[in-house]
């Protein structure tokens, strides 16, 4: 069971998150989208991703911009393991997937799918034709595109999507140490993702990971997956 933890900002925080059990770590490279306090300078992005690679952890670059040209430019500069499109005004298409492979041959593509009703099933099936991963998420949070709402959604729809597509599905949206085992049992995803419920938030939009909660989230996810033979 892949444990994906968003949204890292500082280097030491990222190291502690990896040590706590994260398999994937995600951060928002400096771009024209997202909360300013959460954007990470590119030199720090490279430092964090280099350390992740050394540890065998997957580095995810989160795209909150709605400009595909900016996304491709960032992918070329950073060469992340995964490029995650989560903006609320642009979604990947086959052309984008092909262009990404030209500028970043070893970068996989993840598309966020807003699960608001059963129409999400057809949208996920469409994206599954050309992306490497699908991430299922809740709500449209201000300035952060699809996700970061801290709310769950209808897991019955997610379970149908997992069965309907042939690419790995990562479950997001209000995932916490308390509900991750139930989500895994209900949905049987490839991975689980947490941002809001494993973060400490401060005034002005600043936040940091709650490492104890990250550790508990990862432990509970692994235990649930082992119990189910996933």
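Numbering (this note's numbering), first residue to last: 9 to 238.
Where a beta carbon is used, it is the ideal one built from N, C-alpha and C, also for glycine.
Cβ-Cβ separation, residue j to residue i (assumed contact under 8 Å), whole Å
i	j	result
residue 89	residue 73	Actually they are not in contact, since the Cβ atoms of residue 89 and residue 73 sit about 19 Å apart, beyond 8 Å.
residue 185	residue 224	4 Å
residue 5	residue 138	Residue coverage of the chain in this structure runs from 9 to 238, which leaves residue 5 outside it and unanswerable.
residue 172	residue 232	Residue 172 to residue 232, Cβ: 22 Å. No contact.
residue 175	residue 140	6 Å
residue 60	residue 226	The Cβ separation is near 15 Å, so there is no contact.
residue 26	residue 63	5 Å
residue 87	residue 112	5 Å
Own chain partners of residue i with C-beta closer than 6 Å, once the 5 adjacent residues on each side are dropped
i	result
residue 21	216 and 217
residue 91	69, 83, 115 and 117
residue 181	145, 146, 160 and 161
Terminal residues of the beta strand (DSSP E) in which residue i lies
i	result
residue 178	177-179
residue 201	199-202
residue 17	Unbroken run through residue 17: none, as it is neither H nor E.
residue 117	116-122
residue 108	Residue 108 -> not in any beta strand (DSSP E); alpha helix (DSSP H) instead, spanning 102-111.
residue 91	90-93
residue 146	Neither: residue 146 is in no beta strand (DSSP E) and is coded neither H nor E.
Opening and closing residue of the alpha helix (DSSP H) in which residue i lies
i	result
residue 127	127-135
residue 232	219-236
residue 83	76-86
residue 162	Counting along the chain, residue 162 falls outside any alpha helix (DSSP H), and DSSP gives it neither H nor E.
Paired residues, beta bridge with residue i - DSSP
i	result
residue 186	In DSSP, residue 186 forms no bridge with anything.
residue 66	32
residue 141	118
residue 11	200
residue 48	37
residue 215	209
residue 71	93
Sequence-distant residues of its chain with Cβ nearer than 7 Å to residue i (five each side left out)
i	result
residue 85	50
residue 195	163, 166, 167, 170 and 179
residue 131	121
residue 230	9
residue 177	142, 144, 169, 170, 197 and 198
residue 36	15, 42, 46, 47, 48, 70 and 72
residue 1	Outside the displayed range of the chain (9 to 238) lies residue 1, so it cannot be described from this structure.
Residues of its chain near residue i, where Cβ-Cβ distance is below 8 Å and the 5 sequence neighbours each way are ignored
i	result
residue 31	10, 11, 12, 65, 66 and 199
residue 56	16, 19, 22, 33, 35, 48 and 67
residue 236	192, 193 and 196
residue 3	Here the chain covers residues 9 to 238 and nothing more, so residue 3 does not appear.
residue 100	93, 117, 119, 135, 138 and 139
Closer than 7 Å: residue i CB and nearest the ligand HEM heavy atom
i	result
residue 140	Absence of the ligand HEM from the depicted structure is noted, as is the absence of any ligand whatsoever, leaving it without description.
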